[in-house]
Amino acid sequence: MELRIQDLRKNYGAKQALKGVTLTMTEGIYGLLGPNGAGKSTLMNILTGNLPATSGSIFLDGRDITTLGKAFRSRLGYMPQYQAFYPGFTAEQFLCYIASLRGMTKNHAKERIAWALELLGLWEVRKKSIRSMSGGMRQRLLLAQAILDDPDILVLDEPTAGLDPRQRTIVRNLIGEISLQKIVLISTHVVSDVEFTAKELVLLSQGEICLQGTQWELTSQLQGQVWEVSVPENQVGELEKYGTVCALAKGEKGALVRLLASQAPPFPAEPIRPSLEDVYLHQFGEAEGL
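For the sequence shown, position 74 matches number 82 in my numbering, and the numbering has no gaps at all.
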């Protein structure tokens, strides 16, 4: 299975939200990273048919998805970041509604709804109204509706938003398990959600792909530029002259600082292995006000 995005562009008047994005995906997880306004939501909305492109094409196994129409949409599952639920529905009723929209038969829908509720830890609250659910429960319900009909392609926008650390781990592992035979595109600000599960990372900036590759390929580019620095606590601010402070912890004799810098600062420093978060900060630190 191959999903190919070819020279995709989207204009809003004079503003270019996408500037010729080209990307080929096969089975596995792809992490879509970038600051607000990078074009991530626009890309996902075009892919899911919620927004027309200004130009460019998307092909599934060589066939244009605009000509595939319903046949493509039936193979697609979408989890938006925000969903306007019917608050009076129960979780079970909501999934029944989604099943009817997808044209699932009654027996198949019943079986899949039970499966999804159990899988996402929502079986015990299936009769509970959505308005009385916590944010984490609603987020898991959004994922349940996305995987309900066992789609081949999953587009997930901030799938772990609002989840506590335990729920985030469960959902992240679940996505990893179901991605083995699917194409999964995850847009997220939580770098750890895709750092170890994505086969490829795609960094988007101002409507263009600025970096793309495996975790190892991207982090290798920063080899020798990430340092663990030992510094007196009252001198931590001095390090900002030499690079980007990525993390700060209390050490035995002051502060331990993770510093992103092209060369070692004039403090005791040891080079350490770069992470995907370091790559993100290196690429987008200025855009995020860092």
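Even for Gly, the Cβ is constructed at its ideal location relative to N, Cα and C.
query = Exposed or buried, which one is Trp235 when buried takes at least 16 other CB atoms within 10 Å?
reply = buried
query = Quick one, which of Arg17, His197, Arg12 and Asp69 has its alpha-carbon nearest Gly215's?
reply = Arg17
message = Rounded to whole angstroms, what is the Cα-Cα separation between Leu298 and Leu289?
response = Summary for Leu298: the model assigns pLDDT 47, below 50, so the residue's position carries little reliability; its value from the coordinates is reported in the next sentence. Roughly 8 Å between the two C-alpha positions.
task = Specify the secondary structure class of Leu298 as computed by DSSP and reduced to three states.
result = Residue placement at Leu298 is flagged as unreliable, the pLDDT there being 47, under the threshold of 50; the coordinate-derived value follows with that caveat. Coil, per DSSP.
ask   = Can you tell me whether DSSP reads Tyr288 as helix, strand or coil?
value = helix
inquiry  = By alpha-carbon positions, which one of Glu260, Lys261, Lys258 and Gln229 ends up nearest to Glu268?
reply    = One point to set straight first is that residue 268 is Leu, not Glu, in the sequence displayed. Among Glu260, Lys261, Lys258 and Gln229, the Cα nearest to that of Leu268 is on Gln229.
query = In terms of DSSP beta bridges, what is Tyr86 paired with?
reply = Val163
inquiry  = Between the alpha carbons of Arg139 and Leu109, how many angstroms are there, rounded?
reply    = 22 Å
message = Below 8 Å, how does it come out for the segment 157–165 and the segment 86–95: are there three or more Cβ pairs, yes or no?
response = yes
ask   = Got a sec? Which residues, its chain only, sit under 6 Å from Ile178 by beta carbon, not counting five neighbours each side?
value = none
inquiry  = Going by DSSP in three states, Gln223 sits in which element: helix, strand or coil?
reply    = helix
query = Per DSSP, what kind of secondary structure is Ala263 in: helix, strand or coil?
reply = strand
Expected contact under 8 Å - CB spacing of Ala46 and Leu212 to nearest Å = 4 Å
Delimiting residues of the beta strand (DSSP E) encompassing Ser137 = Segment: none, Ser137 is in no beta strand (DSSP E) and carries neither H nor E.
From Ala255, Ile73, Arg148 and Pro240, residue whose alpha carbon lies closest to that of Pro282 = Ala255
Spatial distance of Gln91 from Ser137 (CA atoms) = 15 Å
message = For Asp15, which residues in the same chain have their Cβ closer than 8 Å to its Cβ, ignoring the five residues on either side in sequence?
response = Gly28, Val29, Thr30, Ser63, Gly64 and Ser65
query = Can you list, in chain order, the stretches of the beta strand (DSSP E) that have 3 or more residues and sit fully within the segment 192–255?
reply = 208–213, 216–221 and 234–239
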